[in-house]
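Here the structure comes first, spelled out in C-alpha cells, and everything after it is commentary.
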Amino acid sequence: MSGDVILDIKDLRVHFDTLYGPIEALHDIDLQVMRGEIRGVVGESGCGKSVTSLTAIGLATCKVDDGQILYDGYDTVYRIKDWEKNLIRISTAISYIGALIIVFNILRIIFDTSAVYDIIAGAGIMLFGSLVGLIGSFSSYKHEKELRRIRGNEISMIFQEPMTALNPLYTVEKQISEVMKEHGRLVEREAPTPSRILRAVLKPATQLADSITKNPLATLTPIGVLIMYFTVTSLGYSGLFEKLSWYFIPVIVSAFTTSAIYEKEKVNWLISLTKSIPYLIISILYFIYSSIYKYTLGLLNVNNPLKSIEEGVEEINNISLEGLSSLPLAFAFALTLFMMFWMPASAVMVILVTIAVFMIPGIMISDVLKLDPSHSRQVVQILEEVQIPNPETVSRMYPHELSGGMRQRVMIAMMMSCEPNLLIADEPTTALDVTIQAQILKLMRDMRDQKGTSIMLITHDLGVIAEMCDTVSVMYAGTIVESGSLKDVLERPRMPYSIGLLHSIPRIITEAEGGRKESLPIIPGQVPDPNEHFDGCRFHPRCPFADEICVSTKPEMIEVNPSHFAACHHVDKTTNVSQVEDAFENLVARMTEGI
Amino acid sequence: MDGVKKWFPIKTGMLSSSKSFVRAVDGVNLSVKKGETLGIVGESGCGKTTLGRVLLGLIPITEGSIKYNGVDIRDMKNRDVRKKMQIVFQDPGGSMNPRMSVRSIVGEPLIVNGMSDGAELTKIVAELLDSVGLNRKHMTRFPHEFSGGQKQRIAVARALALNPEFILLDEPTSALDVSVQAQVLNLLEEIQTEKDLTFVFITHSLNVVHHISDRVAVMYLGKIVELADTVDLFESPSHPYTHALLSAIPEISVEDKKERIVLSGDVPSPANPPSGCRFHTRCPIAKEGVCDTDKPEFRELSEGHFVSCHFPVEAGKSLSIFDE
C-alpha cells in the first residue's frame, strides 16, 4: 500500500475530433495509483472514466492536448516533436514531387523513349522521400513498440463485456496461449516439430482404431463394402456362385469381426448378425434381378430369326460380361450404401468415419501444430489459478460455450498469464450477476494480496468500490472532483456531488437503524453535455451551494484532510453531511418550482 | 378501499420450445394485493422477465392460470387487459419507435383504444408529461433527443396513459445511472401514492427492491424460493439462496465488512434443471439424499413468509457454513 507511484496521470486533457468539432472528454485529470493498491474510479456514465483508462495504455482514439501519463516513469503518451513533424512534412513533399515526375514522364514516353530514365529518377526521389519520412517517424515507431511491450506485460486490462473482448472463433486455450506467446511467457516446447507432425498424421489413424473398437460394425462395413466393390469390379465374374460370394464376404467379415470383439456379450453378436440381414437380402435381390434381366435378353435374342440359338447364347454371355456389368452392380452398390446409411444407429458413425478417413488429417495437422502439450498444460494451470472447474475441458471450449462469469474469468486468466504490475479493470462486473460478481471480486482481491498487483478499478457501482478499494477518485463530467482514502471519501465526503451520489443509492437499512426512507435524496438536473463550456465548476448548475465564484472560477483540489482532496470552493460548508442533504432537498424543491 | 383484493394465483409450467422444454417459469404461485408493490428479484436467466410477461398475457401459458380480479386473463379481451395492466420495459430507448414524436408515443395507447384524439389528446399528453416531471414543450421532440432517465419517464407516462390499475416494471432502472435511478424511483413512488397503483417490480438489484417494495419474491431457476414482507425478508431470510444474495450485495460502508457467502459455480441451465431442490448444486447446506432427490414444498414459515427449502435457516441466525 505504501511507497511509490506506479501510474501517475498529470493534468490530462484530451479531446475527440468529431464532425461537429472537438469534444473535450477530459479536463484536467490528476490520478495516482500506488504500487499494490486498489484505486477505485467512480462516476456516472459519460464522465470519462473509460477514456482515462484507455488513454493510459495508449488505446484511446482521442487526441491528448496536455498532460502526462507516467507508468513507472515512462510516458505512455507520445508527443511528436516539431522537427519530426517537419521532417515528415518534407518527406511527403519530396515523395509528391517524385510522383509528379513519374506521371509526367509516363505521358512524355509516347514521344520520347528516353523518358524512361526520368521515370526511374522519379522513383528514386520517391524512395528518398519515404526514407526521410522513416527517420521522422522512427521514434514514434520505437514508442509504439515499447507500448506494445508494456501493454499486457506490465499493464493489463479487463473490459466490461467479456464476450466482445474474446474472439469467438478461437478456443480459450488458443487465445490465452497467444497472449503468452506474444509476450514471451511460454515455456520451451516439449515436442520438436517433426514429432508433432508425425503425431498429427497418426492421430486420425488412432481415431479410426478407436472407432473400430467402439462401433466395429459401423466402421468395418463401409471398409468391407469398399473392398467388395473394388474386388468385384476388377475381377469380373465367371459364375453366379462366385459372384454372390463376393457379396457375402464383407457381410461375413464384418459380422465376425464384430462378434470377435464383442465376444463376451452374446447379445451384441446376435445384433450384428441381424444387422447383416439387409445385405443378404440385397444380394439375393440382385441375384434374382440380374438373372431375370439376363434371361429376358436371351429370350429376345432367341426370338430373333436371323440368329441361331448358339449365337444367341454366346451373345448373352457377351452382354452379361460387358453391358450388364456396370448398371445392375452400380444399382446394387447404391442400394447397399443406402441400406447402410438408412440404418440409423450406424449412419452417424459411417459419416464420421468417412470424414475421419478422408478429411480430418489436414485439419488435425494444423490443429496439433498449434499447441505444444507443455503449453496447453501451462494454460490449464492458469485456468486453475482463476478457479475454473475442470480446466482441461474449458480450455478447449469456445467463448460462446461459457457463461458470463466464466468468460470474465478467462479474461482475468489471460491477463494474469503475463503477471502484470498494474491491472486496469474497466467495469469488470457490471455485466454479471451479484453472486458471480462476488466471485470475480474475490479473485481480483486475492490476486492483489498474493502477487501485489496494483489495480485501477473503474466502476459506477459504489458498492463494488466500498468492497474492493483502498483509495477512491470520484469523477464528474471529465474532471476528478474528489479523491482520497476509501474511508475519507465514503464516510466524510466533502464535494457536494460525491455526497449527493452516495445518498442517492437505495440502501438496505434495518428497522433498528431507522427503517427505509420514503423517498430517495436526489441530485437534481442532468450531467452536462461534454461540449458545454464552463469557466468555473462543472457541477455548479446542480449544486446547492453554487454562487458567483463557482460560475467564474475553476475550483482547485483542496486538501481537506491529509491525502484527501476535494475540488470545491465551499468545502467549509460540506463538513456536516445532513446539512448538505437538506440543501439538496431545498434545491430540488426550488428547481421543480422553476419548471 | 373497497376491500377487493386483486390476486393472481399463477401456476405456470414448461414454457416450451419445440422439443426440449426450457422451464423458464416452472410452477409459480403468487398473489399480488391491491395497492402494493411486489418486488421480484433473482439472477439473470432465472425467469423474472418471463414471469412478468406471462402475468400480462404477452406470452401464452403452458399450464396453470392467471386471474385478475377473479377473472382469468385468457378469458378477458386483450384490450381490457391492456387498459388495466401496463408495462414499463428495461431499455427505454429500445421500447420506443425512434420515428415517433413524444406526443404520439405517449398518446398511442389512447388513439389505439379510440379514447381521444386531436386537441384533447394533446391536452391529456401534456398532463401526463407534467405528472412524470417532464416539460410540455418536449411533446414535439423525438426519443433520441432525451437522456436515459427522461426516456424512462416517457415510458412511464405511456404506461400511465390509459389509467391502468396495475403496472409491471421490468428492470426500469437497470440501464440508468445511480443519480438518475434515484430520480426515477422517487417518481414511481409519487405516482403510486397519487394514483393508487399496484406495482410488480422486477429487478436484479436488491437495494432497489428493498427501497421500493412492500413484499419481495426471490426467484431461482424458474421457481420462487422465498416470498416475504420486505422487512421480514431482509432481516430474517430463510432460504440459503437469499442469504447468499444478500451477502453478495456490495455494501457501501467501510467498517463492518461482513463475511460473505461466495456461491460456487453458475446458475444451471433451465432446460435441464437439477433434480430435487434446484439450488442444491450450489447450496452450502445441502444434504445428500434429501436435497438432491426431494423437491422442497413451498410452505409458510410464519405469517406471510413463504419459503421453499428443506432446511430453512432460522430467523436471526446467519448461515454459518461458508463455501470457500
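Here the protein sequences line up with chains A and B, keeping their order.
Taking our numbering, the leading residue of the first sequence gets 875, the next gets one more, and so forth.
Taking our numbering, the leading residue of the second sequence gets 15, the next gets one more, and so forth.
Glycine included, each C-beta is placed from N, C-alpha and C at the ideal position.
Computed from a predicted structure; not experimentally measured.
With 8 Å as the threshold, decide whether the Cβ of residue i is near any Cβ in chain B.
{"i": "K923(A)", "result": "no"}
{"i": "S1269(A)", "result": "no"}
{"i": "K1316(A)", "result": "yes"}
{"i": "H1057(A)", "result": "no"}
{"i": "A1340(A)", "result": "yes"}
{"i": "E1455(A)", "result": "no"}
{"i": "L1394(A)", "result": "yes"}
{"i": "L1021(A)", "result": "no"}
{"i": "D1344(A)", "result": "no"}
{"i": "G1374(A)", "result": "yes"}
{"i": "G1279(A)", "result": "yes"}
{"i": "Q1034(A)", "result": "no"}
{"i": "Q1400(A)", "result": "yes"}
Can you pull the DSSP bridge partners for residue i?
{"i": "H158(B)", "result": "Beta-bridge pairing links H158(B) to no other residue."}
{"i": "N1435(A)", "result": "H1438(A)"}
{"i": "V888(A)", "result": "L900(A) and V938(A)"}
{"i": "I883(A)", "result": "L905(A) and I943(A)"}
{"i": "Q1324(A)", "result": "Answer is none; Q1324(A) lacks a bridge partner."}
{"i": "A242(B)", "result": "V230(B)"}
{"i": "T1448(A)", "result": "Answer is none; T1448(A) lacks a bridge partner."}
{"i": "M1349(A)", "result": "I1354(A)"}
{"i": "T51(B)", "result": "F213(B)"}
{"i": "A171(B)", "result": "Per DSSP, none; premise fails for A171(B)."}
{"i": "T1333(A)", "result": "V916(A)"}
{"i": "D89(B)", "result": "Paired residues: none, contrary to the question."}
Taking 8 Å as the CB-CB cut-off, is residue i touching chain A?
{"i": "H225(B)", "result": "yes"}
{"i": "N286(B)", "result": "no"}
{"i": "E57(B)", "result": "yes"}
{"i": "Q197(B)", "result": "yes"}
{"i": "N200(B)", "result": "yes"}
Between residue i and chain C, is there a C-beta pair that is closer than 8 Å?
{"i": "P264(B)", "result": "Protein chains A and B are contained in the structure displayed, whereas chain C is not."}
By Cβ distance below 8 Å, which residues in the same chain neighbour residue i in space, the five residues on each side in sequence not counted?
{"i": "I205(B)", "result": "S145, V146, V170, L174 and L211"}
{"i": "I1469(A)", "result": "Unreliable positioning characterises I1469(A) in this predicted model, as indicated by a pLDDT of 49, which lies under 50. The coordinate reading is nonetheless provided below. Taken in chain order, the list of residues that qualify is empty."}
{"i": "P1395(A)", "result": "G1374, H1377, S1378, E1455, F1458 and E1459"}
{"i": "C921(A)", "result": "M1349, Y1350, A1351, G1352 and V1401"}
CB-CB under 6 Å to residue i, same chain, minus the five flanking residues each way: which ones, in chain order?
{"i": "G1197(A)", "result": "Reliability fails at G1197(A), whose pLDDT of 45 lies under 50, so the model's placement of it is uncertain and the value that follows must be treated cautiously. Once the five neighbours on either side are set aside, G1197(A) has no close Cβ partner at all."}
{"i": "G914(A)", "result": "L1331, I1339, C1343 and V1346"}
{"i": "T51(B)", "result": "F213, F215, I226, S227 and D228"}
{"i": "K97(B)", "result": "L176"}
{"i": "Q195(B)", "result": "T187"}
{"i": "F854(A)", "result": "Past the edges of chain A, shown from 875 to 1469, lies residue 854(A), and the structure says nothing about it."}
{"i": "H253(B)", "result": "V239, E240, V321 and C323"}
Just the chain A side, please: which residues come within less than 9 Å of residue i by C-beta, in chain order?
{"i": "H218(B)", "result": "D1307 and V1308"}
Spatial neighbours of residue i within its chain, please: CB distance less than 7 Å, with the 5 preceding and 5 following residues excluded, ordered by chain position.
{"i": "G107(B)", "result": "P157 and K165"}
{"i": "G318(B)", "result": "A242 and D243"}
{"i": "I983(A)", "result": "A989 and V990"}
{"i": "D882(A)", "result": "Q906 and L944"}
{"i": "G290(B)", "result": "C305, D306, T307, D308 and K309"}
{"i": "V12(B)", "result": "Outside the shown range of chain B (15 to 338) lies residue 12(B), about which nothing can therefore be said."}
Mind listing the chain A neighbours of residue i? Cutoff is C-beta to C-beta under 7 Å, in chain order.
{"i": "V276(B)", "result": "A1312, Q1313 and K1316"}
{"i": "N177(B)", "result": "None at all; the shortest Cβ gap to chain A is about 23 Å."}
Who are the neighbours of residue i on chain B, taking C-beta pairs under 9 Å?
{"i": "P1263(A)", "result": "S278 and G279"}
{"i": "E918(A)", "result": "D191, V192, S193 and V194"}
So which residues of chain B does residue i contact, with C-beta pairs closer than 8 Å?
{"i": "G1481(A)", "result": "Residue coverage of chain A in this structure runs from 875 to 1469, which leaves residue 1481(A) outside it and unanswerable."}
If the cut is a Cβ gap below 7 Å, which residues of chain B does residue i touch?
{"i": "H1438(A)", "result": "Here the premise fails: no neighbours, minimum Cβ distance about 13 Å."}
{"i": "I1397(A)", "result": "S193"}
Whose Cβ in chain A lies nearer than 8 Å to the Cβ of residue i?
{"i": "A258(B)", "result": "T1309"}
Please list the residues of the stretch 203 to 214 of chain B that have a C-beta atom closer than 9 Å to any C-beta atom in chain A, keeping them in chain order.
-> E203 and E204
Please list the residues of the stretch 160 to 184 of chain B that have a C-beta atom closer than 9 Å to any C-beta atom in chain A, keeping them in chain order.
-> S161, G162, G163 and Q164
What residues from the stretch 1323 to 1338 of chain A come within 9 Å of chain B, judged by C-beta to C-beta, listed N to C?
-> H1334, D1335, L1336, G1337 and V1338
Residues, ordered as in the chain, of the stretch 936 to 960 of chain A that lie near chain B by beta-carbon distance below 9 Å | none
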